[in-house]
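The structure appears below as structure tokens.
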Amino acid sequence: DTGVSQDPRHKITKRGQNVTFRCDPISEHNRLYWYRQTLGQGPEFLTYFQNEAQLEKSRLLSDRFSAERPKGSFSTLEIQRTEQGDSAMYLCASSLGGRGDGQPQHFGDGTRLSIL
Amino acid sequence: GQNIDQPTEMTATEGAIVQINCTYQTSGFNGLFWYQQHAGEAPTFLSYNVLDGLEEKGRFSSFLSRSKGYSYLLLKELQMKDSASYLCALSGGGGNKLTFGTGTQLKVEL
């Protein structure tokens, strides 16, 4: 169990550019979640996958955001035409779904996005 | 919707006991999680409550009262490494997603 890994750890880009983040969940976990966290706040839910199917997206997720999990393993989160307000820590988490409500989500260290 | 309240900051002394409270207003949830997060690091799972009562795990205990909309995390024998943010989160809805409070920043002093 190598844990949830995210890449890159830090991303600095100019406003208007596109960025893509990658998340590799714990291998046997079928659920994968994306959250966004700003300074002094708790993480906010963005979207989640059960295997390769994206089952829910938050209203926070504008149409500039898209996420994929093509083979039910790793996931990517893309932000197009970045804006200042997109600056945040993007956290990925994974869990074992379908085995009761108490399965904790395990988080990666996140990708910190800074928009210049 | 869900509204979760936690104190913003707390300070405690090494070796002491501290209780971090979490109150919430919600139409329904599956369970309540507590996570610890050190600055710049991932949130790490501490405890989970689904039924009312106390769950104990080593130096950490968590309590839930659904009727009162209230939970607390109890940390005993505080150590300097316990200085971190403590996040209360409700699980529910599709995929059992988490809705977090703003977190309580705990500072442990000598």
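Chains A and B, in that order, are what the protein sequence lines are. Counting the first sequence from 1 gives a position; the working numbering is that position plus 2. Read in the working numbering, the second sequence has 44 at position 51, and its numbers run on one by one without any break. The C-beta atom is built at its ideal place from N, Cα and C for all residues, glycine as well.
query	result
B/T92 and A/F47 closer than 8 Å at C-beta	yes
Contact set for A/D26: own chain, Cβ-Cβ below 6 Å, skip 5 residues either direction	S7, F76
8 Å Cβ cutoff, B/G121 in contact with chain A	Outside the shown range of chain B (-6 to 103) lies residue 121 of chain B, about which nothing can therefore be said.
Chain C within 8 Å of A/H31, Cβ atoms only	Here the protein chains are A and B, and chain C is not one of them.
One or two residues paired with A/R33 in a DSSP bridge	A/Q52, A/S97
Own chain, CB closer than 6 Å to B/P109, minus 5 neighbours either side, in chain order	The requested residue 109 of chain B does not occur in the structure, where chain B is confined to residues -6 to 103.
Buried or exposed by the 16-neighbour rule on C-beta atoms within 10 Å, applied to A/G90	Reading off the sequence, residue 90 of chain A comes out as Ala, not Gly. Looking at its Cβ environment, which holds 16 or more other Cβ atoms inside 10 Å, A/A90 is buried.
Among B/Q18, B/L67, B/H31, B/G21, nearest to B/F53 - alpha-carbon criterion	B/L67
C-alpha gap between B/C15 and A/T113, whole angstroms	28 Å
C-beta atoms of B/M45 and B/S55 nearer than 8 Å	The sequence shown places Asp at residue 45 of chain B, rather than the Met named in the question. Contact flag unset, no.
Cβ-based burial, A/Q107 [other Cβ within 10 Å; buried from 16]	buried
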